[in-house]
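I have placed the structure first, in the form of structure tokens, so that the comments after it can refer back to it.
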Amino acid sequence: MTYKILVLGDYGTGKTSLFQQFEKNIPGAERKLSIKLDLIEFTRKIEGEEIRIQLFDIPGRELTNEYRSKHYLGTHGAFIVFDICSPNSFRHAPFWIEELMNYNGFGKVPISLIGNKADLRATSQKTLNPIDAKEYVFRLNRSTQKQNVENHFNEISSKSGKGLGIIIDQLVTSIYKHRNAKT
Ligand SMILES: Nc1nc2c(ncn2[C@@H]2O[C@H](COP(=O)(O)OP(=O)(O)OP(=O)(O)O)[C@@H](O)[C@H]2O)c(=O)[nH]1
Ligand SMILES: [Mg+2]
184 MTYKILVLGD YGTGKTSLFQ QFEKNIPGAE RKLSIKLDLI EFTRKIEGEE
234 IRIQLFDIPG RELTNEYRSK HYLGTHGAFI VFDICSPNSF RHAPFWIEEL
284 MNYNGFGKVP ISLIGNKADL RATSQKTLNP IDAKEYVFRL NRSTQKQNVE
334 NHFNEISSKS GKGLGIIIDQ LVTSIYKHRN AKT
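First residue of the sequence shown? That's 184 in our numbering, and the numbers climb one at a time after it.
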């Protein structure tokens, strides 16, 4: 079984940085050469089953309308990245989530909302209160529970790859549960 997972979010929120940390920190992760889109592949074991993950890095601003449906099609889940110093990037999270659900061809799928650049909390004056993101995901979970879709929120810093294994397993487990509940 292969799961296609996208890394989505506004321009400059740190998607590529996060993507690179996956390559460094996930055992067996391998970057595949691709002209248009960055892709990393690795396997994770979920409930004894080996799952192949294809993780795609999607640029925040180059994605035009006509390209979207192509990128989203067949996506089983996504990381939606915002910058904790950019309220706009958090406000746009629902836009990315909605687009993904509209174009992936599966309807609702699990997402992991990522508040990136947590290291800036110490020095930056205007940072988003994580309560807002937690509440957003809580409401999202209520709206997707009928479809057996469970979503997550984590705050991280792409400066380190700490905790990435846990974050990917959380999302992959939710995708696994969702897909097994459906069949
Ligand atoms: N302090 C800090 N800076 C970060 C972090 N993650 C990314 N950055 C910086 O933020 C800038 C944008 O990061 P990218 O990873 O290129 O962002 P992106 O989301 O891929 O941007 P697009 O591809 O244009 O959509 C870079 O200067 C990074 O060094 C982080 O966790 N902490
Ligand atoms: Mg990028």
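Every residue, glycine too, gets a C-beta built ideally from N, C-alpha and C.
Note that the coordinates shown come from a computational prediction; the quantities given were computed from them, not determined experimentally.
- When distances are taken from the beta-carbon of ASN299 to the heavy atoms of ligand 1, the shortest one is below 7 Å.
- Rounded to the nearest angstrom, the Cβ distance from SER295 to LEU354 is 4 Å, consistent with a contact under 8 Å.
- Runs of the alpha helix (DSSP H) spanning 4 or more residues and lying entirely within the region 185-253 occur at 198-208, in chain order.
- Shown here, ASN285 sits in a helix according to DSSP, grouped into three states.
- The distance from the Cβ of SER341 to that of LEU201 is about 4 Å, consistent with a contact at the 8 Å cut-off.
- For ASP266, the CB stays at least 7 Å from every heavy atom of ligand 2.
- Within the model, the alpha-carbon separation for ASN208 versus GLY348 is close to 8 Å.
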